[in-house]
Structures are given as C-alpha cells and as structure tokens.
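Novice: Protein chains in written order, with our numbering: chain B, 1 to 185; chain G, 1001 to 1185; chain L, 2001 to 2185; chain P, 3001 to 3185.
For glycine and all other residues, C-beta sits at the position ideal for the given N, C-alpha and C.
This structure is a prediction, so every number in the text was calculated from the model and none was measured.
Number of protein chains: 4
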Amino acid sequence: MDTALLMFAEGGFARTTVKDIATSAGISNGLMYHYFPSKEKLLEAAIEKHSFLPHLRVILKGTEEPCREVLKKIAARFSDILKQENNSIRILLQEGHSNAEVKKVWDSLSSEGSLILQQYLSSRIAAGELKPHNTEVTARCLFSILFMFSFTRDIFKSSNLSDSQFIEESIDSILNGIQKNNNHD
Amino acid sequence: MDTALLMFAEGGFARTTVKDIATSAGISNGLMYHYFPSKEKLLEAAIEKHSFLPHLRVILKGTEEPCREVLKKIAARFSDILKQENNSIRILLQEGHSNAEVKKVWDSLSSEGSLILQQYLSSRIAAGELKPHNTEVTARCLFSILFMFSFTRDIFKSSNLSDSQFIEESIDSILNGIQKNNNHD
Amino acid sequence: MDTALLMFAEGGFARTTVKDIATSAGISNGLMYHYFPSKEKLLEAAIEKHSFLPHLRVILKGTEEPCREVLKKIAARFSDILKQENNSIRILLQEGHSNAEVKKVWDSLSSEGSLILQQYLSSRIAAGELKPHNTEVTARCLFSILFMFSFTRDIFKSSNLSDSQFIEESIDSILNGIQKNNNHD
Amino acid sequence: MDTALLMFAEGGFARTTVKDIATSAGISNGLMYHYFPSKEKLLEAAIEKHSFLPHLRVILKGTEEPCREVLKKIAARFSDILKQENNSIRILLQEGHSNAEVKKVWDSLSSEGSLILQQYLSSRIAAGELKPHNTEVTARCLFSILFMFSFTRDIFKSSNLSDSQFIEESIDSILNGIQKNNNHD
DNA sequence: TATGAATGAGCATTCATTCAT
DNA sequence: CATGAATGAATGCTCATTCAT
Chain B
1 MDTALLMFAE
11 GGFARTTVKD
21 IATSAGISNG
31 LMYHYFPSKE
41 KLLEAAIEKH
51 SFLPHLRVIL
61 KGTEEPCREV
71 LKKIAARFSD
81 ILKQENNSIR
91 ILLQEGHSNA
101 EVKKVWDSLS
111 SEGSLILQQY
121 LSSRIAAGEL
131 KPHNTEVTAR
141 CLFSILFMFS
151 FTRDIFKSSN
161 LSDSQFIEES
171 IDSILNGIQK
181 NNNHD
Chain G
1001 MDTALLMFAE
1011 GGFARTTVKD
1021 IATSAGISNG
1031 LMYHYFPSKE
1041 KLLEAAIEKH
1051 SFLPHLRVIL
1061 KGTEEPCREV
1071 LKKIAARFSD
1081 ILKQENNSIR
1091 ILLQEGHSNA
1101 EVKKVWDSLS
1111 SEGSLILQQY
1121 LSSRIAAGEL
1131 KPHNTEVTAR
1141 CLFSILFMFS
1151 FTRDIFKSSN
1161 LSDSQFIEES
1171 IDSILNGIQK
1181 NNNHD
Chain L
2001 MDTALLMFAE
2011 GGFARTTVKD
2021 IATSAGISNG
2031 LMYHYFPSKE
2041 KLLEAAIEKH
2051 SFLPHLRVIL
2061 KGTEEPCREV
2071 LKKIAARFSD
2081 ILKQENNSIR
2091 ILLQEGHSNA
2101 EVKKVWDSLS
2111 SEGSLILQQY
2121 LSSRIAAGEL
2131 KPHNTEVTAR
2141 CLFSILFMFS
2151 FTRDIFKSSN
2161 LSDSQFIEES
2171 IDSILNGIQK
2181 NNNHD
Chain P
3001 MDTALLMFAE
3011 GGFARTTVKD
3021 IATSAGISNG
3031 LMYHYFPSKE
3041 KLLEAAIEKH
3051 SFLPHLRVIL
3061 KGTEEPCREV
3071 LKKIAARFSD
3081 ILKQENNSIR
3091 ILLQEGHSNA
3101 EVKKVWDSLS
3111 SEGSLILQQY
3121 LSSRIAAGEL
3131 KPHNTEVTAR
3141 CLFSILFMFS
3151 FTRDIFKSSN
3161 LSDSQFIEES
3171 IDSILNGIQK
3181 NNNHD
C-alpha cells in the first residue's frame, strides 16, 4: 500500500500499472488481487491508511495556550505532516474528482482541518487574546496557506526563506496584519 | 480544444479517450490528428490556450491606487478568473506532475502570480500605505488563499458566507491582523 | 462471424480466444471490437446469422401433399440443414444454459421446429391420410429423432446404414408402427 | 464431486472456478489438488461417478416380458434417470467435444444405451410380438426421443401433457404407427 | 490431511495512432 | 480537410496450480 501510494503520487493513478506496483513491492501482480479486489480499491485503501486527519486532530486539539508561538508550533507540525504525506496530498488533488472515496477523504480533510483550526481560534478569542472576528475565514486562510505551501514547496524552493521561516512569517502576518497603524490612530 | 479541456478536467487526462473528445467536438477521431500530433499535445495546446496568466497580468499591473478596496477588487477578479478557468486549474493540479509542459504552465502561473502580487504590495509599502514586511510571504499567502478558495469552493459551499464576502473578509484579515492591541500598547 | 461460429463449435465458447478467432479470420484482434462490443455479442450475432429456423419454415410450410414420401423428403432436408449448421447446433446445446440470447434461439428453434411439423401432421389427419392422434407427441418425436441423428452422426457412423436410409426407415417406422397385427385382428 | 458436477452443469466447465467449487464444497481450494490432479480430472471423475449406464443396463436387461407396458415402464425409468442425472447430461453435451474422456462416456452412453434397447426389441421380434424390422433404427429413435425429452423438458413444459403421458403416448405411437389402415387392407 | 498465500501465464478489452480513401 | 476502418501494444484482472506451513 505504501508503494502504491508513492507510485500513484508520482505517476498518477491511471498511468501507474498494477504490474509496476507489484514489481516495486516485490510481489507478483496476481497477489495484489489476493488482498485488494481492484486497483481502485487499492488506491482507496492506501489513501485511507495514510489519512493524516487523526494526526491533525492530535496536534490541534486541547491546546489552550497563548497564541503566537503555539500557532507557529501548530503550523510547523501541520506542515510537517503535510510534507510527510506529500504523496497522499497529491493523490487527493489528482484523483479527488474521479474517485468518490478519495473525494470523501479530501472533503473531510479540508473541512475538518479548518474546523479544528477554527475552534482553536475561537477559544483564543474567548480567552481575550484575539480580536473577535470571523474565525471561519481565518481558519480557511490558514489552512489554505499551509496546504498550498506544502503543495508548491518545490516551485518556490529557490526563495531565500527556509520552510520554518516562511511559516513563522506567515503566522506573524496573519496575527499582525500588514496595514500600517491599523486600528489605533 | 475547449471540449478537450472540459473533458480532461472532468475525467482526467488518461481516462478521457480521443474518440470521446472527437465525438463531443463533433468531428471524427482521425481529424484530431490533422490538427494535433498527439493527445498529449492537444492537452498542452488546450492548457496554453486557456492560460489565464495574461489576465492576471492585466488586472494586477499598473494598479498603484490605495490598498484595501483595490486589493479586494483584485482578489475578486482573480477569483473570478480562477472560477472561470476552473477546468484549467484542475488539469494543472492533476497532470502537473506527469506532463512537463503542463508543469511549466503551473509553475509559471504560481510563481508569476504571486510575483505580481508581491510587486503590488511592495509599491504600497513604498507609498507608505503598508507596513514594511516580507512581501513574498504575504503574496504567497494571498495567492494560496485565493487559489484554494477556488479549488474548495464546492466543499465549503454550505458555509453562510457568500463568495465575495469571504474574499473581502480574508483581505481585511490580512490587512488588519487578528491579534488584539497589536504593537501599540 | 462464420469463423467465430466454427471455432466456438469446435473448442467451446470459453476456450476459444478472441485472438484466435481474429487470427483465423485474418484480422487483428482489435478490429473485432470495431464490429462487436464483446466476445459474447459476437457469439450471439453468429448464432443469429446462422439461425436456420427460416429454412425450416420454408421446407415445412405449404406442403399439403401425401405423406410418406413427403415426410421423408422433409426429413431429409431438415437433416441436411442440421448437418450444414452442425456448428450452430453444437453451440446451441453447449452455451444454451450460459447465455440467455443463445437459449432464446434454441428455445424458439425447438418449439417452432416441432410446431411446424405438428401443423403438417394435423393437415394430413384432416386430409384423412393419418390416424387421428396427438400430433404434438409425434412432432416432438420426429424433431427429436432428426435432431439427435444430426448430433450423434459421428458416434453411429460405424453403422451399416447410410444417412438417408436411416431417415427413411425412421419415417417408415413412425408411420407403420412396429407392432405386429396392431389391434384389429 | 457432486458439487463439482452440479456447478459444471450450471455454469459450464470453463466458467466454473476451482475456488468456487471448493468453497461450495466447504473445503479450501488447495485441498482439491490432494484428491484430484487437475480440474479436468475432477470433471472426469465426477462424470464417471455419475455415469448412469449401469442403471440403464439394470432396467433394460433380462426383461423378456411382453412389449407395450414393459416398454412404457422402461421408458419411464430411463426418463427418470435422465432427469435425475440432468446435470451429468448437460456436461456430456457441453464438454463432450472438448474433453476426450467425457466424449468417451457420452459415446459409450449413447451407443450402449441404444444397443441395449436394440437387443430388447430383437428379443420381442424373436418372441413374435413385434414385426421384423430394423431394430437399430427403432432403438436409436427411442433413445433420441427419451434423451431429447429430458433435455427439452423445460422448453415444452407449457404443454398440457404430463411427463408420463408424453412418454406413454410416444411409445404407443412407435408401436402403432400413425398411418391409417397401415398394412392390412 | 488441510490451508490459503503466492505465482504467472493467459485473456478480454481498450485506445492512441495510422492510413487508405 | 475529413472519415473511420484497422492495428497491436498495453493493461486490469482471472485462475489453475504449487507449496510452505
């Protein structure tokens, strides 16, 4: 399943043959069908095995501590997971429109992912640390930034910022805003 | 080419057959090879025809006006284009890893897209309207937000915000920040 | 289609590969799918093309002439057709239980085949030439004899009767009965 | 073996998988190869186990009693066996052309089956009960009628004759003939 | 005996591409 | 320009058979 995930991510689902996966995994192609009824089910199983939603839940839940550093830490770990499961993400985006099961995973990932962020932000507003604001918007923004960051990592790698620097500055930006003198004069 | 783009976006490149495209376009499958040397080249031609980078350049360049409303307008139009060229985007994400030509388009889109934003932000800093900050980070954040917004539109459509509201609030959030009493007390 | 029929009859449907048929027919295996959507549909088309029910109708209908020689002639021609379409018959028996379409052909062949015989017999009773009797029974008997004769031709070929002799004697037997002095002396 | 026979008859030999048979028989597919060297040998063993030739021998031999009722009884029992071993017959017809062993069984069944009938008929001629005639022809006719009756039972079940009525009338027909005034005036 | 994982050759089917017309 | 018949390599999947346990 790990092999399959890797190969699907690299070559796309349709372009990757069962024989290639089997060879890569060191088994005969017939054996795959002993464990999975079809290539498609293999994809679904692989995606589900590598679902990182539980990880997100763990790192995002229960944190009631102050904001800036915590948010950076959260973002860094979130980003780490996305990096680790880079293959899974690629497939989610590539096959999400062709395979219902994959779409479900992608939908639940993106909606729950930003929901968890949203809840954290709300708790910080309640704690008086953040301004009252539409947390749904911010949560989706944060989620988008982290997700796209992971997805476009290779394109922007020429930039002179390290990964962690980029994330930290993004969080700062979100927290502080970029407008001069924004609400005190 | 429009038909092809639509069908590739809906079914994926590999899953869409030349015959299907031809039938949909009302021609025989042989005729396609009169205009394009291969299915792959058809994809590339379609993607390039629908490249919306020029549009982005138009809406983003030359605007030296004050920030908040302009940025909102820019974002709205950016989002409109993304919405319109939704098929193109899908293909960019789906086939970007398999087809070099497509990847080039995606790369130039994302890098130039955020570069243009970056330049605008820099000009507003120079104009004294925005705080000095890492404009590359903000530009990528904005780009990410708008891009993911377009890509996850259907997932979040249950939300009680309209598209334009979401975009406006996002811009406000970026401009103002979300932290209470930031840096002045 | 003729090639397919022959090969299906000889090797059975499942054992005969599409490639074999195509090779035998002098075409590429892909081309078969240009004309038939599947191997199964090819079988059905072949069976229907070789349906000899129309032939039976022709030789059996409209004959109102006296019995013994006519019946022999009918039987001979019936048997000729069965011999000619021997392949078709084999398939009918072999695949009739697996393929609904084939079964339909077999059903209509056997029911209509004996129905036509039955009608002829009835007309001869009306003409006063035959004893009143259950024509359905006789028709099915005749049909069975001719059909099995064709199907077991090779098994019994060691017999010292020619095909036409066997058929003639069978008809005589049916007409005369085999019992001595039957019920009138 | 019984399971195998049933499944081969229902689905055809090639379409029935060893795994299906094993599952149906409540054993693992590997175990089958402990008892039979191959799928083909399993078929042959099953056919041979269900060979009803011995039954035919029993019911047809040694009967020297008068004709009409005896023949009806014989036919009825013959038909019963055919009905009981319906699966076996199907396979005989379906696989007789593909499998040498099966063909042998089918050949010996049909030739010996009609031979036995033939001998009985000859004995009744010798006893003065039947007219001297070509018993081979009559025997094959009788065999054909009974065999086809069994094979087309489902097609003609709409008929208003019961199974036993049909058989009885067939025998009467063969004995009496259908021609009026057939040889005494 | 009994299991079921493992193999790999074989098959129906698909499809990009070619080409005679 | 346009057609669609023709090709054949490629692919997902099946299944009889083997074998370690």
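Looking at the strands, I want to know which residues DSSP matches up with L:L2130.
Specialist: Working through the third sequence from its first residue, we reach residue 2130 of chain L at position 130. By DSSP's assignment, L:L2130 forms a beta bridge with P:Q3179.
Novice: To the nearest angstrom, how far is it from the Cα of G:G1011 to the Cα of B:H97?
Specialist: Your numbering for residue 1011 of chain G matches position 11 in the second sequence. Your numbering for residue 97 of chain B matches position 97 in the first sequence. Going from the Cα of G:G1011 to the Cα of B:H97 covers about 8 Å.
Novice: According to DSSP, simplified to helix, strand and coil, what is P:L3092?
Specialist: Here residue 3092 of chain P refers to the residue found at position 92 of the fourth sequence. Three-state DSSP puts P:L3092 in a helix.
Novice: Taking Cβ-Cβ distances shorter than 9 Å, what residues in chain P pair up with L:Q2179?
Specialist: If you number the third sequence from 1, residue 2179 of chain L lands on position 179. Taking a Cβ-Cβ threshold of 9 Å, the residues of chain P close to L:Q2179 are C3067, R3068, E3129, L3130, K3131, I3174, L3175, N3176 and G3177, in chain order.
Novice: Is there at least one Cβ from chain B nearer than 8 Å to G:I1059's Cβ?
Specialist: Position 59 of the second sequence holds residue 1059 of chain G. Output row for G:I1059: interface = no.
Novice: List, in chain order, every chain G residue whose beta-carbon is nearer than 7 Å to that of B:A14.
Specialist: Position 14 of the first sequence holds residue 14 of chain B. Correct list: G1012, A1014 and R1015.
Novice: In the structure shown, what three-state DSSP assignment does B:D80 receive?
Specialist: For the purposes of this step, residue 80 of chain B is identified with residue 80 of the first sequence, where counting begins at 1. It is helical.
Novice: Please report the Cβ distance between L:E2129 and L:C2067, rounded to the nearest whole angstrom; I am assuming they are in contact, meaning their Cβ atoms lie under 8 Å.
Specialist: Stepping through the third sequence from its first residue, residue 2129 of chain L is reached at position 129. Stepping through the third sequence from its first residue, residue 2067 of chain L is reached at position 67. Confirmed, Cβ separation roughly 5 Å.
Novice: Closer than 7 Å by C-beta to L:D2185: which residues in its own chain qualify, once you throw out the five before and the five after it? Chain order, please.
Specialist: For the purposes of this step, residue 2185 of chain L is identified with residue 185 of the third sequence, where counting begins at 1. Only weak support is given to the placement of L:D2185: the predicted model assigns it a pLDDT of 38, under 50, and the question is left unresolved by the model.
Novice: Enumerate in chain order the residues of its own chain whose CB-to-CB distance from P:E3095 is below 6 Å, with the five nearest sequence positions on each side excluded.
Specialist: Residue 3095 of chain P sits at position 95 when you count from the first residue of the fourth sequence. Taken in chain order, the residues that qualify are F3013 and V3102.
Novice: Note down, in chain order, every chain P residue with its Cβ under 7 Å from the Cβ of L:T2152.
Specialist: Residue mapping note: residue 2152 of chain L aligns to position 152 of the third sequence, counting from 1. S3110, listed in chain order.
Novice: Would you give the residue range spanned by the alpha helix (DSSP H) that G:M1032 belongs to?
Specialist: Taking the second sequence and counting its residues from 1, the one referred to as residue 1032 of chain G is at position 32. First-last of the alpha helix (DSSP H) with G:M1032: N1029 to Y1035.
Novice: Under 8 Å, Cβ to Cβ, is there at least one residue of chain B near G:S1122?
Specialist: Translated into the one-based positions of the second sequence, residue 1122 of chain G becomes position 122. Judged by the 8 Å Cβ criterion, G:S1122 is not in contact with chain B.
Novice: With 8 Å as the threshold, decide whether the Cβ of G:L1093 is near any Cβ in chain B.
Specialist: Indexing the second sequence from 1 puts residue 1093 of chain G at position 93. At least one chain B Cβ lies under 8 Å of G:L1093.
Novice: Using a Cβ-Cβ cutoff of less than 6 Å, which residues in the same chain neighbour L:S2114 once the five nearest sequence positions on both sides are dropped?
Specialist: Residue mapping note: residue 2114 of chain L aligns to position 114 of the third sequence, counting from 1. Excluding positions up to five away in sequence, the list reads A2139, R2140 and F2143.
Novice: Nearest-angstrom Cα distance between B:S86 and B:N29?
Specialist: Translated into the one-based positions of the first sequence, residue 86 of chain B becomes position 86. Translated into the one-based positions of the first sequence, residue 29 of chain B becomes position 29. Correcting the residue type first, residue 86 of chain B is Asn in the shown sequence and not Ser. In a straight line, the C-alpha of B:N86 is about 26 Å away from that of B:N29.
Novice: CA-CA distance, G:V1018 and G:K1039?
Specialist: Start at 1 with the first residue of the second sequence, and residue 1018 of chain G comes out as number 18. Start at 1 with the first residue of the second sequence, and residue 1039 of chain G comes out as number 39. So the two alpha carbons sit approximately 7 Å from each other.
Novice: Based on Cα-Cα distance, which residue from L:F2156, L:K2131 and L:I2125 lies nearest to L:E2065?
Specialist: As a position in the third sequence, residue 2065 of chain L is number 65, starting the count at 1. Nearest C-alpha to L:E2065: L:I2125.
Novice: Any beta-carbon of chain P closer than 8 Å to the one on L:V2102?
Specialist: If you number the third sequence from 1, residue 2102 of chain L lands on position 102. No - not a single Cβ of chain P is within 8 Å of the one on L:V2102.
Novice: Decide if L:N2099 is buried, meaning its Cβ has at least 16 other Cβ atoms within 10 Å, or exposed.
Specialist: Stepping through the third sequence from its first residue, residue 2099 of chain L is reached at position 99. Buried, because 16 or more other Cβ atoms sit within 10 Å of the Cβ of L:N2099.
Novice: Please classify B:S51: does DSSP put it in a helix, a strand, or coil?
Specialist: Residue mapping note: residue 51 of chain B aligns to position 51 of the first sequence, counting from 1. B:S51: coil per DSSP, three-state reduction.
Novice: Threshold first: 4 residues or longer. Then list the alpha helix (DSSP H) segments lying entirely within the region 3133-3160 of chain P, N to C.
Specialist: Whole alpha helix (DSSP H) segments, 4+ residues: 3135-3151.
Novice: Find the nearest neighbour of G:I1027 within the set G:I1059, G:M1001 and G:H1050, judged by alpha-carbon distance.
Specialist: On the second sequence, residue 1027 of chain G is found 27 positions in, with the first residue counted as 1. Of the listed residues, the one whose Cα sits closest to G:I1027 is G:M1001.
Novice: In whole angstroms, what separates the C-alpha of G:I1059 from that of G:L1121?
Specialist: Taking the second sequence and counting its residues from 1, the one referred to as residue 1059 of chain G is at position 59. Taking the second sequence and counting its residues from 1, the one referred to as residue 1121 of chain G is at position 121. Distance between the alpha carbons of G:I1059 and G:L1121 is about 14 Å.
Novice: Given a cut-off of 8 Å on the beta-carbon distance, is the pair B:I81 and B:H55 in contact?
Specialist: Here residue 81 of chain B is taken as the residue at index 81 of the first sequence, counted from 1. Here residue 55 of chain B is taken as the residue at index 55 of the first sequence, counted from 1. Yes. Within cutoff.
Novice: Using a Cβ-Cβ distance cut-off of 8 Å, determine whether G:H987 contacts chain B.
Specialist: There is no way to answer for residue 987 of chain G, as the model of chain G reaches only from 1001 to 1185.
Novice: L:G2012 lies in the alpha helix (DSSP H); which residues open and close that run?
Specialist: Position 12 of the third sequence, counted from the start, is the residue given in the question as residue 2012 of chain L. Segment: none, L:G2012 is in no alpha helix (DSSP H) and carries neither H nor E.
Novice: Measuring only the C-alpha atoms, how far is G:E1048 from G:L1117?
Specialist: In the second sequence, counting from the first residue as 1, residue 1048 of chain G sits at position 48. In the second sequence, counting from the first residue as 1, residue 1117 of chain G sits at position 117. G:E1048 and G:L1117: Cα-Cα distance of roughly 22 Å.
Novice: Is P:T3003 helix, strand or coil by DSSP?
Specialist: Within the fourth sequence, residue 3003 of chain P is the residue found at index 3, counting from 1. The three-state reading of DSSP puts P:T3003 in helix, counting H, G and I together.
Novice: Less than 8 Å between CB atoms is the rule here; does G:N1182 satisfy it with respect to chain B?
Specialist: One-based indexing of the second sequence puts residue 1182 of chain G at position 182. Note that G:N1182 scores a pLDDT of 44, beneath 50, so its modelled location is shaky; the value from the coordinates is reported in the next line. Under the Cβ distance rule, G:N1182 counts among the residues neighbouring chain B, one pair being separated by less than 8 Å.
Novice: Which residues bound the alpha helix (DSSP H) around B:T17?
Specialist: Locating residue 17 of chain B in the first sequence gives position 17, counting from the first residue. B:T17 -> no alpha helix (DSSP H), and no H or E assigned at all.
Novice: Please list, in chain order, all residues of the same chain as P:L3006 whose beta carbon is under 7 Å from its beta carbon, the five residues on each side excluded.
Specialist: Indexing the fourth sequence from 1 puts residue 3006 of chain P at position 6. Cβ neighbours of P:L3006 beyond the five flanking positions: N3087.
Novice: Is the Cβ of B:M7 closer than 8 Å to any Cβ of chain G?
Specialist: As a first step, residue 7 of chain B must be located in the first sequence, where it is residue number 7. Not closer than 8 Å to any Cβ of chain G, the Cβ of B:M7 fails to qualify, so no.
Novice: Give a yes or no on whether the minimum CB-CB distance between L:T2138 and chain P is below 8 Å.
Specialist: Position 138 of the third sequence, counted from the first residue, corresponds to residue 2138 of chain L. Yes, because at least one Cβ of chain P sits closer than 8 Å to the Cβ of L:T2138.
Novice: Under the three-state reduction of DSSP, which class applies to L:E2085: helix, strand or coil?
Specialist: Here residue 2085 of chain L refers to the residue found at position 85 of the third sequence. Here L:E2085 sits in coil by DSSP.
Novice: How should P:H3034 be labelled, buried or exposed, when 16 other C-beta atoms within 10 angstroms of its C-beta is the threshold for buried?
Specialist: As a working mapping, residue 3034 of chain P is identified with position 34 in the fourth sequence. Only exposed fits P:H3034, as fewer than 16 other CB atoms lie within 10 angstroms of its CB.
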